[in-house]
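There are 2 protein chains.
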Amino acid sequence: MNKHGEAIARFAKHKSTHGLKSSDKRSFVVDHFIQADRHFTVEELYFEVKKLRPEISYSTVYRALKLLAKCGLASESMFGETVSRYEPVHSSAHHDHLVCNKCGRIIEFENDKIEKLQKDVARNYDFLVSAHRLELYGLCKKCRRKKAL
Amino acid sequence: MNKHGEAIARFAKHKSTHGLKSSDKRSFVVDHFIQADRHFTVEELYFEVKKLRPEISYSTVYRALKLLAKCGLASESMFGETVSRYEPVHSSAHHDHLVCNKCGRIIEFENDKIEKLQKDVARNYDFLVSAHRLELYGLCKKCRRKKAL
DNA sequence: TATGAAATTGCAATTCATTTTCATAATTGT
DNA sequence: ACAATTATGAAAATGAATTGCAATTTCATA
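Protein sequence lines correspond, in order, to chains A and P. Sequential numbering of the first sequence, starting at 1, is according to my numbering. Sequential numbering of the second sequence, starting at 1001, is according to my numbering.
Below, the structure written as structure tokens:
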């Protein structure tokens, strides 16, 4: 089963174990989020969905994202903005982010060495880590070029 | 000159270069923040200040913190909460954080190796870094113990 | 010391994203 | 089809951040 299929299945399972009912609209939002496979604010996802299904409300999108977060298919974070972003959670390794202050692009990266050093730090402080975030803010490749012109 | 003296001086300089006037109330807030030398939300600082100087309003505290942030003596961040926190900026090297999810304690640490690896990552993506944040969330030493009981 | 332009303050009002409420509609098990 | 429960949309509520404005204070200059 592909990655998206897994996610869909996981959502279905969450529904059945939590006594949720099916809904066309919610399914549409969930599928769209999973297919798109990128970061969204509630508003961004809402506007994309609205183009295709204008009858779907902000509330439904909002609640769908919350639900995705609950069943572990999306994670919520702030990226230094005042709005929350939801990003798809992949079964793969944890990743960190490069956030472009100019165009807003978010680039994911993984770095095992950094992960390991983080564990070392935690051990030094006798700290039990359950989650972490690492974000580098600045200018992405494209925006550096633009700036140079 | 000690660390606090430096900060006070820097604030005074910012005032003079920006045509700001002196004010007892603002000075009190600023001094308290600098002396305390720890993380605050606006509300937390407001309540502490209010105990000693009840006539000082929330607005004044709010604006004082904004001002401190502008002149580089405080930095604003979210630490996964819905409220902003202001932390004193030390002239020393950049530091990262361990955030205890239980008691809210925030521990600072520095790690040059991690900093260096971050630069490597950025270089790989042709990304120009202007700021970064690294936070490890979990349980601090004390809370781990409590949990064990 | 008196003056006036400019900054500061407190309070209330606004903004803005998030979250909840509630009446109505849709879904599911019997 | 019925009853019970969940989902939905629109509007209202919430919560923190921010601003507008009138009153007050500061400070350089007269």
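Using N, Cα and C, we set each Cβ at its ideal position, and we do this for glycine too.
Practice task
Rounded to whole angstroms, what's the CA-CA distance from residue 1093 (chain P) to residue 88 (chain A)? Just pull it up for me.
Solution key: 34 Å
Problem - Near-chain P residues of the segment 122-149 of chain A (beta-carbon distance less than 7 Å), N- to C-terminal order - result: Those residues of the segment 122-149 of chain A that come within reach of chain P (Cβ to Cβ, closer than 7 Å) are 122, 125, 126, 127, 128, 129, 130, 131, 132, 133, 134, 135, 136, 137, 138, 139, 140, 141 and 144.
Practice task
Report the three-state DSSP secondary structure of residue 1076 (chain P) (helix, strand or coil).
Solution key: strand
Exercise for the section: Ignoring anything shorter than 3 residues or poking outside the segment 1058-1122 of chain P, list the beta strand (DSSP E) runs there in chain order. Expected result: Those beta strand (DSSP E) runs which fall completely within the segment 1058-1122 of chain P and span 3+ residues are 1074-1077, 1085-1088, 1096-1100 and 1106-1109.
Problem - Any chain A beta carbon closer than 8 Å to residue 1106 (chain P) - result: no
Practice task
Closer than 6 Å by C-beta to residue 129 (chain A): which residues in its own chain qualify, once you throw out the five before and the five after it? Chain order, please.
Solution key: 122
Practice task
Using a cut-off of 8 Å between C-beta atoms, extract the partners of residue 1117 (chain P) located in chain A.
Solution key: 111, 113, 114 and 117
Exercise for the section: Find out if the Cβ-Cβ distance for the pair residue 137 (chain A), residue 83 (chain A) is shorter than 8 Å. Expected result: no
Problem - Between the CA atoms of residue 1013 (chain P) and residue 71 (chain A) - distance to the nearest angstrom - result: Between residue 71 (chain A) and residue 1013 (chain P), the C-alpha separation is close to 52 Å.
Exercise for the section: On a CA-only basis, which of P:1029, P:1034 and P:1066 is nearest residue 1052 (chain P)? Give me that one, please. Expected result: P:1029
Practice task
Would you check if the distance between the CB atom of residue 95 (chain A) and the CB atom of residue 110 (chain A) is smaller than 8 Å?
Solution key: Yes, these two residues count as a Cβ contact at 8 Å.
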